[in-house]
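Participant:
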Amino acid sequence: PGALSDALGLPVLALASDAATAYAGALGQRAGAVVAAGTGMIALGTDLRAWQRADGWGHLLGDAGSGAWIGRAGLDAALRALDGRPGGSAALRRRAEA
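So the sequence shown is numbered by the numbering used here: it starts at 18 and just counts up by one.
1. For residue 38, which three-state DSSP category applies?
2. Can you give me the Cβ contacts of residue 98 inside the same chain, cut-off strictly under 8 Å, excluding the 5 residues immediately before and after it?
3. Give the single residue among 20, 25, 42 whose Cα lies nearest to the Cα of residue 61.
4. Only counting the same chain, and skipping five residues up and downstream in sequence, which positions put a Cβ closer than 8 Å to that of residue 55?
5. As an exercise, report each continuous beta strand (DSSP E) stretch of at least 3 residues that is fully enclosed by the segment 28-107, in chain order.
6. Please state if the CB of residue 58 and the CB of residue 35 are separated by a distance shorter than 7 Å.
7. Could you tell me the alpha carbon to alpha carbon distance between residue 66 and residue 19, rounded to whole angstroms?
8. How far does the alpha helix (DSSP H) with residue 19 in it extend, from its first residue to its last?
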């Protein structure tokens with residue numbers, strides 16, 4: 018952060034995750050939880066004694082329920098149908114082939 022704050026001419030610069038800034042913006046210093054759901058997915062919450070997080074591990078290891086995860090699950094179902102494997106979706110296969 019030091020080099021970036023110097024380059025931008027800022028006396029102080031803070032870097033934070035989107036989950037942390039979403040929490041601060043939504044709840045400030047109160048107990049509660051936020052879910053940041055988009056291309057990725059993470060939940061972050063506190064009871065003001067301890068912090069808990071769920072997921073947010075990126076598209077390769079987690080982000081269950083995110084846009085990327087939903088898209089990949091749809092493609093997986095279409096390809097399973099194409100291969101004739103269990104768990105496939107004939108409807109998704111038809112859409113993929115259209």
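Every residue, glycine too, gets a C-beta built ideally from N, C-alpha and C.
Facilitator: On the basis of the data shown:
1. helix
2. 105, 106, 107, 109, 110
3. 42
4. 83, 84
5. 49-54, 58-63, 68-72
6. no
7. 31 Å
8. 19-25
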